[in-house]
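Worksheet for the structure shown next.
Numbering (our numbering), first residue to last: 137 to 465.
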């Protein structure tokens, strides 16, 4: 009887230990996976963007050929940006500014380059500032998500970072110097990048190179010399695309009723403004001329306002249809 009991007990103990070991392994695997996930999001943001002290992105001596930091780096956080670039800080804050670092580099040929790295609140903010700062006269470069070289300065954006490099030399020899430092900074930034979806609503045909400006407020729109300083559209997010004979502005709202409200408010503003003439209202949109010989067609569709500005020969309805089809997809 004792032998039978011992046999039953040993069999039970064997099964219990196997059960315990199986669940312990699962617990260990679960804890390990959880640790990895926590570690990943402590290094990267929830959007996959790198969370690193911005000073890390500045190359140190020996990381780039013949280039070394000259003096101490200057940093700016939040409202401190007004002390560094007084007069230009407001637009950064409109897009969503967090902090920045400024470092000068010199090489053995006597050239110096100023490096500026801006950490913005999001991908959209970094892309927006990049699109605002760069012009149509330049060359596309493969740095970050996209880069743009104009004479003696280079801009690129990656994740929620905007990088600007300015050479003190203005001849053609500065181009390789700018590329060298840009490559070093780009290598250090490990962030994913994406462009705001509203940009995809612009028609591709006849869109000029590097002519898209993503906007996050009325200050960016005002700086395009399109309308006055008053926020007549209640703008919080939009995009501008420049074409050969016209430009298109698309403004996004939270819902249809908000877009209709701002559409009616804008129509009333233009109708009573001394800076616009020949106001004509149709069933789906209104048309008006400014004093610079431009005609504007303005329409609301879903939670968007669409603005087309150009000459009288433009068929605005065709462009409206293309944009509305893109929004509806």
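Note that CB positions come from ideal geometry on N, CA and C, so glycine has one too.
The structure displayed is predicted, hence computed values, not measured ones.
Backbone secondary structure at residue 305 - three-state DSSP
Note: residue 305 maps to coil in three-state DSSP.
Where residue 204 and residue 243 are concerned, what is the direct C-alpha to C-alpha distance, given to the nearest angstrom?
If I take the Cα positions, the gap works out to 7 angstroms.
Can you check which of these residues, 382, 348, 424 and 379, is closest to residue 410 by C-alpha distance?
Comparing Cα positions, the closest option is 424.
Among 399, 366 and 385, nearest to residue 349 - alpha-carbon criterion:
When each option's Cα is compared against that of residue 349, the closest is 385.
Terminal residues of the beta strand (DSSP E) in which residue 432 lies:
Run containing residue 432: 431-437, per the beta strand (DSSP E) assignment.
Candidates 206, 381, 463 and 216, of which the one nearest residue 446 by Cα:
When only C-alpha atoms are compared, the closest one is 381.
Spatially closest choice to residue 211 from 200, 189, 340 and 197, by CA coordinates
Closest option to residue 211, judged by alpha-carbon separation, among 200, 189, 340 and 197: 189.
Rounded to the nearest angstrom, what separates residue 468 and residue 366 at their Cα positions?
Outside the shown range of the chain (137 to 465) lies residue 468, about which nothing can therefore be said.
Burial state of residue 301, where buried means 16 or more other Cβ atoms lie within 10 Å
Around the beta carbon of residue 301, 16 or more other beta carbons lie within 10 angstroms, which makes this residue buried.
Could you check if residue 239 is buried or exposed, using at least 16 other CB atoms within 10 Å of its CB as the buried criterion?
Looking at its Cβ environment, which holds 16 or more other Cβ atoms inside 10 Å, residue 239 is buried.
Compute the distance between the beta-carbons of residue 294 and residue 280, then report whether it is under 7 angstroms.
The answer is yes: Cβ separation under 7 angstroms.
When the Cα of residue 368 is compared with those of 335, 247, 354 and 457, which residue comes out closest?
For the residues 335, 247, 354 and 457, the minimum Cα distance to residue 368 belongs to 354.
How big is the Cα-Cα spacing for residue 248 and residue 378?
Straight-line Cα distance between these residues: approximately 35 angstroms.
Under the three-state DSSP convention, the category residue 284 falls into:
Three-state result, residue 284: strand.
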